[in-house]
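First up is the structure itself, then whatever we jot down about it.
Numbering (the working numbering), first residue to last: 60 to 263.
What follows is the structure, encoded as C-alpha coordinates:
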(Lines of atoms letter the chains of each structure in order from A; the text may use other names.)
(Lines give C-alpha, C1' and ligand atoms only; values in the text may rest on other atoms or scores of the structure.)
Protein backbone atom coordinates (compact mmCIF):
# COMPACT_ATOMS: atom_id res chain seq x y z
CA UNK A 60 0.00 0.00 0.00
CA UNK A 61 2.83 2.40 0.84
CA UNK A 62 4.56 1.58 -2.45
CA UNK A 63 1.37 2.23 -4.40
CA UNK A 64 0.87 5.56 -2.63
CA UNK A 65 4.43 6.67 -3.36
CA UNK A 66 4.12 5.60 -6.97
CA UNK A 67 0.84 7.50 -7.33
CA UNK A 68 2.46 10.61 -5.89
CA UNK A 69 5.45 10.26 -8.24
CA UNK A 70 3.28 9.60 -11.27
CA UNK A 71 1.02 12.54 -10.41
CA UNK A 72 3.97 14.90 -10.13
CA UNK A 73 5.19 13.83 -13.56
CA UNK A 74 1.75 14.29 -15.14
CA UNK A 75 1.05 17.66 -13.53
CA UNK A 76 4.55 18.87 -14.24
CA UNK A 77 4.27 17.81 -17.83
CA UNK A 78 0.73 18.92 -18.67
CA UNK A 79 -0.29 21.50 -16.06
CA UNK A 80 0.79 24.74 -14.48
CA UNK A 81 1.05 25.90 -10.89
CA UNK A 82 -2.47 27.39 -10.86
CA UNK A 83 -4.06 24.19 -12.14
CA UNK A 84 -2.06 22.09 -9.73
CA UNK A 85 -3.09 24.22 -6.75
CA UNK A 86 -6.77 24.00 -7.74
CA UNK A 87 -6.58 20.23 -8.06
CA UNK A 88 -4.67 19.95 -4.77
CA UNK A 89 -7.27 22.04 -2.93
CA UNK A 90 -10.08 19.86 -4.26
CA UNK A 91 -8.29 16.66 -3.32
CA UNK A 92 -7.50 17.95 0.17
CA UNK A 93 -11.08 19.13 0.74
CA UNK A 94 -12.47 15.77 -0.36
CA UNK A 95 -9.88 14.03 1.82
CA UNK A 96 -10.97 16.00 4.87
CA UNK A 97 -14.60 15.14 4.24
CA UNK A 98 -13.73 11.45 3.80
CA UNK A 99 -11.74 11.55 7.05
CA UNK A 100 -14.82 13.00 8.74
CA UNK A 101 -16.80 10.11 7.31
CA UNK A 102 -14.31 7.68 8.85
CA UNK A 103 -14.91 9.17 12.29
CA UNK A 104 -18.66 8.92 11.71
CA UNK A 105 -18.36 5.24 10.71
CA UNK A 106 -16.39 4.50 13.87
CA UNK A 107 -19.09 6.15 15.99
CA UNK A 108 -21.75 4.03 14.31
CA UNK A 109 -19.97 0.66 14.47
CA UNK A 110 -17.61 0.65 17.46
CA UNK A 111 -19.52 1.88 20.58
CA UNK A 112 -21.64 -1.22 21.12
CA UNK A 113 -18.67 -3.57 21.56
CA UNK A 114 -16.52 -1.04 23.41
CA UNK A 115 -19.22 -0.25 25.98
CA UNK A 116 -20.27 -3.91 26.18
CA UNK A 117 -16.78 -4.85 27.41
CA UNK A 118 -17.41 -2.68 30.45
CA UNK A 119 -20.90 -3.86 31.38
CA UNK A 120 -21.26 -7.38 29.98
CA UNK A 121 -19.57 -10.68 30.72
CA UNK A 122 -17.14 -12.23 28.26
CA UNK A 123 -19.71 -14.79 26.97
CA UNK A 124 -22.26 -12.00 26.43
CA UNK A 125 -19.71 -9.96 24.48
CA UNK A 126 -19.08 -13.01 22.30
CA UNK A 127 -22.79 -13.51 21.63
CA UNK A 128 -23.15 -9.79 20.88
CA UNK A 129 -20.37 -10.10 18.30
CA UNK A 130 -22.24 -12.98 16.66
CA UNK A 131 -25.46 -10.94 16.46
CA UNK A 132 -23.58 -8.02 14.93
CA UNK A 133 -21.68 -10.20 12.46
CA UNK A 134 -24.81 -12.04 11.34
CA UNK A 135 -26.95 -8.95 10.88
CA UNK A 136 -25.44 -5.46 10.73
CA UNK A 137 -22.11 -6.43 9.19
CA UNK A 138 -23.90 -8.59 6.61
CA UNK A 139 -26.15 -5.65 5.70
CA UNK A 140 -23.15 -3.34 5.36
CA UNK A 141 -21.46 -5.87 3.10
CA UNK A 142 -24.56 -6.06 0.87
CA UNK A 143 -24.99 -2.29 0.67
CA UNK A 144 -21.32 -1.90 -0.27
CA UNK A 145 -21.96 -4.18 -3.27
CA UNK A 146 -25.14 -2.34 -4.29
CA UNK A 147 -23.47 1.04 -3.86
CA UNK A 148 -20.92 0.10 -6.54
CA UNK A 149 -23.85 0.01 -8.99
CA UNK A 150 -25.92 2.87 -7.54
CA UNK A 151 -23.11 5.41 -7.23
CA UNK A 152 -22.15 5.53 -10.94
CA UNK A 153 -25.82 5.64 -11.97
CA UNK A 154 -26.60 8.43 -9.51
CA UNK A 155 -23.50 10.38 -10.56
CA UNK A 156 -24.45 10.49 -14.23
CA UNK A 157 -28.22 10.92 -13.76
CA UNK A 158 -29.17 14.57 -14.41
CA UNK A 159 -32.54 14.42 -12.60
CA UNK A 160 -31.42 13.62 -9.06
CA UNK A 161 -34.88 14.40 -7.59
CA UNK A 162 -36.59 11.78 -9.75
CA UNK A 163 -33.88 9.25 -8.88
CA UNK A 164 -34.41 9.95 -5.18
CA UNK A 165 -38.18 9.43 -5.55
CA UNK A 166 -37.58 6.07 -7.21
CA UNK A 167 -35.07 5.12 -4.54
CA UNK A 168 -37.47 6.06 -1.73
CA UNK A 169 -40.23 4.01 -3.38
CA UNK A 170 -37.93 1.00 -3.70
CA UNK A 171 -36.97 1.31 -0.02
CA UNK A 172 -40.63 1.37 1.05
CA UNK A 173 -41.75 -1.65 -0.95
CA UNK A 174 -38.73 -3.77 -0.02
CA UNK A 175 -38.70 -2.96 3.72
CA UNK A 176 -40.62 -6.03 4.91
CA UNK A 177 -39.02 -8.54 2.49
CA UNK A 178 -35.55 -7.24 3.40
CA UNK A 179 -36.30 -7.50 7.13
CA UNK A 180 -37.54 -11.09 6.68
CA UNK A 181 -34.45 -11.94 4.65
CA UNK A 182 -32.13 -10.44 7.26
CA UNK A 183 -33.72 -12.20 10.24
CA UNK A 184 -33.72 -15.47 8.27
CA UNK A 185 -30.04 -15.00 7.47
CA UNK A 186 -29.27 -14.28 11.13
CA UNK A 187 -31.21 -17.38 12.22
CA UNK A 188 -29.29 -19.52 9.73
CA UNK A 189 -26.05 -17.97 10.96
CA UNK A 190 -26.81 -19.09 14.53
CA UNK A 191 -27.82 -22.55 13.32
CA UNK A 192 -24.48 -22.96 11.59
CA UNK A 193 -22.60 -21.91 14.74
CA UNK A 194 -24.30 -24.60 16.82
CA UNK A 195 -26.06 -24.78 20.19
CA UNK A 196 -23.30 -23.06 22.15
CA UNK A 197 -24.68 -19.67 21.05
CA UNK A 198 -28.15 -19.08 22.54
CA UNK A 199 -30.64 -17.54 20.10
CA UNK A 200 -33.42 -15.15 21.09
CA UNK A 201 -36.10 -14.11 18.61
CA UNK A 202 -36.74 -10.66 20.10
CA UNK A 203 -33.03 -9.86 20.13
CA UNK A 204 -32.73 -11.17 16.58
CA UNK A 205 -35.60 -8.88 15.56
CA UNK A 206 -33.86 -5.84 17.05
CA UNK A 207 -30.60 -6.62 15.27
CA UNK A 208 -32.34 -7.38 11.98
CA UNK A 209 -34.14 -4.05 12.15
CA UNK A 210 -30.85 -2.31 12.97
CA UNK A 211 -29.25 -4.08 10.02
CA UNK A 212 -31.99 -2.96 7.65
CA UNK A 213 -31.79 0.65 8.86
CA UNK A 214 -27.99 0.55 8.49
CA UNK A 215 -28.45 -0.73 4.95
CA UNK A 216 -30.86 2.08 4.06
CA UNK A 217 -28.65 4.67 5.76
CA UNK A 218 -25.67 3.48 3.73
CA UNK A 219 -27.55 3.57 0.42
CA UNK A 220 -28.89 7.08 1.08
CA UNK A 221 -25.41 8.25 2.11
CA UNK A 222 -23.97 6.97 -1.15
CA UNK A 223 -26.75 8.75 -3.06
CA UNK A 224 -25.90 12.06 -1.43
CA UNK A 225 -22.22 11.45 -2.14
CA UNK A 226 -23.12 11.24 -5.83
CA UNK A 227 -24.57 14.77 -5.67
CA UNK A 228 -21.13 16.27 -5.03
CA UNK A 229 -18.95 17.56 -2.23
CA UNK A 230 -21.88 19.21 -0.45
CA UNK A 231 -23.73 15.91 -0.55
CA UNK A 232 -20.73 14.07 0.89
CA UNK A 233 -20.44 16.66 3.65
CA UNK A 234 -24.17 16.41 4.43
CA UNK A 235 -23.96 12.61 4.63
CA UNK A 236 -20.92 12.81 6.91
CA UNK A 237 -22.60 15.31 9.23
CA UNK A 238 -25.71 13.14 9.38
CA UNK A 239 -23.49 10.17 10.21
CA UNK A 240 -21.75 12.13 12.97
CA UNK A 241 -25.10 13.04 14.52
CA UNK A 242 -26.31 9.44 14.23
CA UNK A 243 -23.03 8.19 15.66
CA UNK A 244 -23.34 10.52 18.65
CA UNK A 245 -26.89 9.35 19.27
CA UNK A 246 -25.72 5.74 18.92
CA UNK A 247 -22.93 6.27 21.46
CA UNK A 248 -25.31 7.84 23.98
CA UNK A 249 -27.95 5.18 23.44
CA UNK A 250 -25.39 2.42 24.01
CA UNK A 251 -24.37 3.98 27.32
CA UNK A 252 -28.03 4.11 28.42
CA UNK A 253 -29.35 0.83 27.03
CA UNK A 254 -26.55 -1.73 27.34
CA UNK A 255 -26.41 -1.68 31.18
CA UNK A 256 -30.19 -2.19 31.26
CA UNK A 257 -30.95 -4.49 28.29
CA UNK A 258 -27.50 -6.05 27.76
CA UNK A 259 -27.14 -7.65 24.31
CA UNK A 260 -30.45 -6.34 23.03
CA UNK A 261 -29.53 -2.86 24.22
CA UNK A 262 -26.40 -2.96 22.09
CA UNK A 263 -28.59 -3.68 19.06
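All C-beta atoms, glycine included, are put in the ideal place defined by N, C-alpha and C.
With respect to residue 107, residue 246 sits close: the two C-beta atoms are nearer than 8 Å. When C-beta atoms of the stretch 119-133 are compared with those of the stretch 168-176, fewer than three pairs fall below 8 Å, so the two segments do not count as touching.
Looking at the backbone, the Cα of residue 146 and that of residue 215 are separated by about 10 Å. Using a Cβ distance threshold of 8 Å, residue 208 and residue 188 do not count as a contacting pair. Less than 8 Å divides the Cβ of residue 150 from the Cβ of residue 219. Minimum Cα-Cα distance from residue 236 among the listed residues 185, 222, 259 corresponds to 222. Scanning its chain for C-beta atoms nearer than 7 Å, with the 5 sequence neighbours on each side dropped, one finds around residue 203 the residues 131, 259, 260, 263, in chain order. By alpha-carbon distance to residue 138, the top candidate from 213, 232, 248, 122 is 213. Of the residues 160, 180, 158, the one whose Cα lies closest to the Cα of residue 205 is 180.
No residue range can be given for residue 195, since it is assigned to no alpha helix (DSSP H) and is classified by DSSP as neither H nor E. In this structure, the alpha-carbon of residue 225 lies about 43 Å from that of residue 195.
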